[in-house]
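> Numbering (this note's numbering), first residue to last: -3 to 236. Quick one: the structure is below, questions incoming.
Here is the structure:
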(Lines of atoms letter the chains of each structure in order from A and count residues from 1; the text may use other names and numbers.)
(Lines give C-alpha, C1' and ligand atoms only; values in the text may rest on other atoms or scores of the structure.)
Protein backbone atom coordinates (compact mmCIF):
# COMPACT_ATOMS: atom_id res chain seq x y z
CA UNK A 1 0.00 0.00 0.00
CA UNK A 2 2.86 2.40 0.79
CA UNK A 3 4.38 1.75 -2.62
CA UNK A 4 1.02 2.36 -4.32
CA UNK A 5 0.63 5.68 -2.50
CA UNK A 6 4.18 6.71 -3.38
CA UNK A 7 3.59 5.92 -7.07
CA UNK A 8 0.39 7.93 -7.11
CA UNK A 9 1.95 10.91 -5.33
CA UNK A 10 4.84 10.85 -7.78
CA UNK A 11 2.39 10.99 -10.66
CA UNK A 12 0.63 13.95 -9.09
CA UNK A 13 3.89 15.78 -8.49
CA UNK A 14 5.14 15.34 -12.05
CA UNK A 15 1.84 16.13 -13.76
CA UNK A 16 0.05 18.37 -11.29
CA UNK A 17 -2.25 19.95 -13.85
CA UNK A 18 -3.60 16.63 -15.09
CA UNK A 19 -7.00 15.38 -14.00
CA UNK A 20 -6.44 11.97 -12.42
CA UNK A 21 -9.07 9.38 -11.55
CA UNK A 22 -8.27 6.56 -9.14
CA UNK A 23 -10.32 3.43 -9.80
CA UNK A 24 -10.11 -0.29 -10.53
CA UNK A 25 -9.84 -2.26 -13.74
CA UNK A 26 -12.01 -5.15 -14.88
CA UNK A 27 -12.46 -7.15 -18.07
CA UNK A 28 -15.49 -7.80 -20.24
CA UNK A 29 -16.56 -8.77 -23.75
CA UNK A 30 -20.30 -9.18 -24.33
CA UNK A 31 -20.34 -8.69 -28.14
CA UNK A 32 -23.10 -6.07 -27.70
CA UNK A 33 -23.48 -2.91 -29.74
CA UNK A 34 -21.66 -0.16 -27.79
CA UNK A 35 -23.85 2.58 -26.33
CA UNK A 36 -21.77 5.27 -28.06
CA UNK A 37 -22.90 3.76 -31.39
CA UNK A 38 -26.55 4.71 -30.88
CA UNK A 39 -28.67 7.54 -32.25
CA UNK A 40 -28.66 10.91 -30.49
CA UNK A 41 -32.24 12.17 -30.83
CA UNK A 42 -31.69 14.96 -28.31
CA UNK A 43 -28.33 16.08 -29.68
CA UNK A 44 -28.02 15.26 -33.40
CA UNK A 45 -25.27 17.85 -33.94
CA UNK A 46 -22.96 15.79 -31.76
CA UNK A 47 -22.77 13.21 -34.53
CA UNK A 48 -21.28 15.84 -36.83
CA UNK A 49 -18.50 16.76 -34.41
CA UNK A 50 -17.87 13.55 -32.50
CA UNK A 51 -19.24 10.83 -34.71
CA UNK A 52 -20.48 7.47 -33.47
CA UNK A 53 -18.70 4.25 -32.65
CA UNK A 54 -18.41 1.85 -35.58
CA UNK A 55 -20.24 -1.47 -35.27
CA UNK A 56 -20.30 -4.69 -37.26
CA UNK A 57 -22.65 -7.37 -38.46
CA UNK A 58 -22.56 -10.94 -37.20
CA UNK A 59 -19.57 -11.71 -39.45
CA UNK A 60 -17.55 -8.71 -38.21
CA UNK A 61 -18.16 -6.72 -41.39
CA UNK A 62 -18.49 -3.01 -40.54
CA UNK A 63 -21.94 -1.47 -40.90
CA UNK A 64 -22.24 1.91 -42.57
CA UNK A 65 -22.70 4.78 -40.13
CA UNK A 66 -26.40 5.10 -40.99
CA UNK A 67 -27.05 1.38 -40.62
CA UNK A 68 -25.02 1.13 -37.44
CA UNK A 69 -26.84 4.01 -35.77
CA UNK A 70 -30.27 2.55 -36.41
CA UNK A 71 -29.44 -1.14 -35.98
CA UNK A 72 -30.69 -3.00 -32.94
CA UNK A 73 -28.10 -4.54 -30.68
CA UNK A 74 -27.33 -8.19 -31.19
CA UNK A 75 -27.82 -8.60 -27.46
CA UNK A 76 -31.59 -8.38 -27.82
CA UNK A 77 -33.76 -11.49 -27.89
CA UNK A 78 -34.74 -10.67 -31.47
CA UNK A 79 -31.70 -10.36 -33.73
CA UNK A 80 -31.25 -10.62 -37.48
CA UNK A 81 -28.82 -9.86 -40.30
CA UNK A 82 -29.07 -6.13 -39.58
CA UNK A 83 -28.29 -6.44 -35.88
CA UNK A 84 -25.16 -4.68 -34.63
CA UNK A 85 -22.34 -6.24 -32.67
CA UNK A 86 -19.00 -5.25 -31.19
CA UNK A 87 -16.41 -5.61 -33.97
CA UNK A 88 -13.52 -7.97 -33.31
CA UNK A 89 -11.16 -5.04 -34.04
CA UNK A 90 -11.90 -3.69 -30.54
CA UNK A 91 -9.55 -6.24 -28.98
CA UNK A 92 -6.58 -4.93 -26.94
CA UNK A 93 -3.20 -4.93 -28.66
CA UNK A 94 0.30 -4.57 -27.20
CA UNK A 95 2.44 -1.76 -28.61
CA UNK A 96 5.46 -2.60 -26.48
CA UNK A 97 6.19 -4.52 -23.31
CA UNK A 98 4.95 -1.57 -21.24
CA UNK A 99 2.24 -0.03 -23.47
CA UNK A 100 -1.00 -1.31 -24.96
CA UNK A 101 -3.92 0.20 -26.86
CA UNK A 102 -7.54 -0.82 -26.53
CA UNK A 103 -11.12 0.13 -25.75
CA UNK A 104 -13.12 0.25 -22.56
CA UNK A 105 -16.39 0.74 -20.76
CA UNK A 106 -16.33 3.53 -18.18
CA UNK A 107 -18.76 2.95 -15.34
CA UNK A 108 -21.02 6.00 -15.15
CA UNK A 109 -24.30 7.28 -13.74
CA UNK A 110 -25.63 7.84 -17.27
CA UNK A 111 -25.80 5.08 -19.88
CA UNK A 112 -26.70 7.45 -22.72
CA UNK A 113 -25.05 7.88 -26.15
CA UNK A 114 -24.59 11.58 -25.42
CA UNK A 115 -22.55 10.84 -22.29
CA UNK A 116 -19.51 13.18 -22.37
CA UNK A 117 -17.19 10.20 -21.89
CA UNK A 118 -18.21 8.65 -25.20
CA UNK A 119 -15.21 8.41 -27.55
CA UNK A 120 -12.80 10.06 -25.10
CA UNK A 121 -9.40 8.51 -24.51
CA UNK A 122 -7.58 7.93 -21.25
CA UNK A 123 -4.07 6.93 -20.33
CA UNK A 124 -4.29 4.21 -17.72
CA UNK A 125 -1.53 3.10 -15.38
CA UNK A 126 -1.83 0.03 -13.20
CA UNK A 127 -0.76 0.50 -9.60
CA UNK A 128 -1.25 -3.07 -8.42
CA UNK A 129 -1.37 -6.53 -9.93
CA UNK A 130 1.08 -8.13 -12.32
CA UNK A 131 0.70 -5.18 -14.71
CA UNK A 132 1.81 -2.63 -12.09
CA UNK A 133 3.58 0.34 -13.74
CA UNK A 134 2.40 -0.72 -17.20
CA UNK A 135 0.36 1.75 -19.27
CA UNK A 136 -2.59 1.45 -21.60
CA UNK A 137 -4.39 4.03 -23.72
CA UNK A 138 -8.09 3.23 -24.06
CA UNK A 139 -11.01 4.83 -25.84
CA UNK A 140 -14.44 4.73 -24.19
CA UNK A 141 -17.11 3.13 -26.37
CA UNK A 142 -19.76 2.53 -23.70
CA UNK A 143 -20.72 4.30 -20.46
CA UNK A 144 -21.72 1.30 -18.37
CA UNK A 145 -23.65 0.82 -15.18
CA UNK A 146 -22.27 -0.23 -11.81
CA UNK A 147 -23.01 -3.47 -10.03
CA UNK A 148 -21.37 -5.89 -7.64
CA UNK A 149 -17.72 -4.96 -7.15
CA UNK A 150 -17.76 -2.56 -10.12
CA UNK A 151 -18.16 1.06 -9.03
CA UNK A 152 -18.48 4.46 -10.71
CA UNK A 153 -15.37 5.45 -12.72
CA UNK A 154 -14.02 1.91 -12.86
CA UNK A 155 -12.84 0.83 -16.32
CA UNK A 156 -13.87 -2.44 -17.92
CA UNK A 157 -11.22 -3.22 -20.52
CA UNK A 158 -12.79 -4.84 -23.58
CA UNK A 159 -11.07 -8.22 -23.58
CA UNK A 160 -12.37 -11.33 -25.38
CA UNK A 161 -13.01 -13.99 -22.78
CA UNK A 162 -13.18 -11.29 -20.12
CA UNK A 163 -16.76 -12.08 -19.10
CA UNK A 164 -20.13 -11.70 -20.81
CA UNK A 165 -21.58 -9.64 -17.97
CA UNK A 166 -25.34 -9.21 -17.51
CA UNK A 167 -26.10 -9.36 -21.27
CA UNK A 168 -24.93 -12.90 -21.82
CA UNK A 169 -26.83 -13.59 -25.05
CA UNK A 170 -24.74 -11.30 -27.30
CA UNK A 171 -21.76 -13.56 -28.03
CA UNK A 172 -23.87 -16.72 -28.52
CA UNK A 173 -26.07 -14.71 -30.90
CA UNK A 174 -23.02 -13.59 -32.88
CA UNK A 175 -20.87 -16.73 -32.81
CA UNK A 176 -23.19 -19.59 -31.93
CA UNK A 177 -23.35 -21.82 -28.88
CA UNK A 178 -20.24 -23.97 -29.38
CA UNK A 179 -17.85 -21.82 -27.36
CA UNK A 180 -16.90 -21.59 -23.69
CA UNK A 181 -16.84 -17.93 -22.61
CA UNK A 182 -16.04 -18.51 -18.96
CA UNK A 183 -17.95 -17.01 -16.05
CA UNK A 184 -20.14 -13.99 -16.75
CA UNK A 185 -17.99 -11.94 -14.38
CA UNK A 186 -14.29 -12.34 -15.08
CA UNK A 187 -14.50 -14.75 -17.98
CA UNK A 188 -11.89 -17.42 -18.65
CA UNK A 189 -9.30 -18.15 -16.00
CA UNK A 190 -6.29 -19.27 -18.04
CA UNK A 191 -4.49 -18.67 -21.30
CA UNK A 192 -5.34 -22.20 -22.43
CA UNK A 193 -9.05 -21.45 -22.04
CA UNK A 194 -8.72 -18.71 -24.67
CA UNK A 195 -8.59 -21.46 -27.28
CA UNK A 196 -12.21 -22.32 -26.48
CA UNK A 197 -13.27 -18.96 -27.95
CA UNK A 198 -13.75 -18.18 -31.66
CA UNK A 199 -10.25 -18.14 -33.12
CA UNK A 200 -10.53 -14.53 -34.35
CA UNK A 201 -10.70 -13.50 -30.67
CA UNK A 202 -7.73 -15.48 -29.41
CA UNK A 203 -5.26 -12.61 -29.75
CA UNK A 204 -7.22 -10.28 -27.48
CA UNK A 205 -7.76 -13.05 -24.95
CA UNK A 206 -4.07 -14.00 -24.97
CA UNK A 207 -3.26 -10.32 -24.36
CA UNK A 208 -4.54 -10.55 -20.80
CA UNK A 209 -2.23 -13.43 -19.92
CA UNK A 210 0.78 -12.51 -22.08
CA UNK A 211 0.95 -8.72 -21.64
CA UNK A 212 -1.00 -7.97 -18.44
CA UNK A 213 0.09 -11.30 -16.95
CA UNK A 214 -3.03 -11.94 -14.93
CA UNK A 215 -6.72 -11.50 -14.28
CA UNK A 216 -6.77 -7.64 -14.32
CA UNK A 217 -10.03 -7.73 -12.37
CA UNK A 218 -9.92 -5.61 -9.22
CA UNK A 219 -6.46 -4.16 -9.86
CA UNK A 220 -5.93 -0.54 -8.84
CA UNK A 221 -5.44 2.00 -11.63
CA UNK A 222 -5.02 5.72 -12.09
CA UNK A 223 -6.01 7.38 -15.35
CA UNK A 224 -6.13 10.77 -17.03
CA UNK A 225 -7.60 12.13 -20.29
CA UNK A 226 -5.32 12.21 -23.33
CA UNK A 227 -5.68 12.90 -27.03
CA UNK A 228 -6.85 9.82 -28.88
CA UNK A 229 -4.23 8.16 -31.05
CA UNK A 230 -5.23 7.57 -34.67
CA UNK A 231 -4.67 3.85 -34.15
CA UNK A 232 -7.82 3.85 -31.99
CA UNK A 233 -9.95 6.40 -33.85
CA UNK A 234 -9.28 4.63 -37.16
CA UNK A 235 -10.95 1.58 -35.63
CA UNK A 236 -13.82 3.30 -33.81
CA UNK A 237 -14.56 6.05 -36.34
CA UNK A 238 -15.22 8.37 -33.43
CA UNK A 239 -13.30 11.20 -31.78
CA UNK A 240 -14.38 13.30 -28.78
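C-beta atoms are modelled at their ideal positions from N, C-alpha and C, and glycine is treated no differently. None of the values given here were measured: they were computed from a predicted structure.
On the DSSP bridge assignment, give the partners of residue 122 in chain order.
Note: residue 122 sits in a beta bridge opposite 217.
> My output table needs one value for residue 90: the three-state DSSP class, helix, strand or coil.
DSSP places residue 90 in strand when its eight states are reduced to three.
> Return yes when the Cβ of residue 100 is within less than 8 Å of the Cβ of residue 154, no when it is not.
Yes, the Cβ-Cβ distance between residue 154 and residue 100 is below 8 Å.
> I need the straight-line Cα distance from residue 34 to residue 128, nearest angstrom please.
Roughly 35 Å separates the two Cα atoms.
> Leaving out five residues on either side along the sequence, give the residues of the same chain with a beta carbon under 6 Å from the beta carbon of residue 166.
These residues qualify, in order along the chain: 26, 27, 28, 70 and 71.
> Ends of the beta strand (DSSP E) at residue 139?
Segment 131 to 140, the beta strand (DSSP E) holding residue 139.
> Would you kindly report the start and end of the unbroken beta strand (DSSP E) that includes residue 171?
Careful: residue 171 lies outside any beta strand (DSSP E), inside the alpha helix (DSSP H) at 166 to 171.
> Identify whether residue 115 lies in helix, strand or coil by the three-state DSSP scheme.
Coil, per DSSP.
> CA-CA distance, residue 122 and residue 189?
One C-alpha to the other measures close to 24 Å.
> Nearest by alpha-carbon distance to residue 232: which of 102, 207 and 115 is it?
Among 102, 207 and 115, the Cα nearest to that of residue 232 is on 115.
> Taking the C-alpha atoms as reference points, what is the distance between residue 63 and residue 53?
Straight-line Cα distance between these residues: approximately 10 Å.
> Say whether the segment 40 to 59 touches the segment 141 to 150, bearing in mind that this needs 3 or more beta-carbon pairs closer than 8 Å, one atom from each stretch.
Not touching, per the Cβ criterion.
> Could you give the first and the last residue of the continuous beta strand (DSSP E) run that contains residue 102?
Taken as a continuous stretch (DSSP letters only), the beta strand (DSSP E) holding residue 102 covers 95 to 103.
> Using the rule of at least 16 other Cβ atoms within 10 Å of the residue's Cβ for burial, across every protein chain shown, is residue 213 buried or exposed?
Looking at its Cβ environment, which holds 16 or more other Cβ atoms inside 10 Å, residue 213 is buried.
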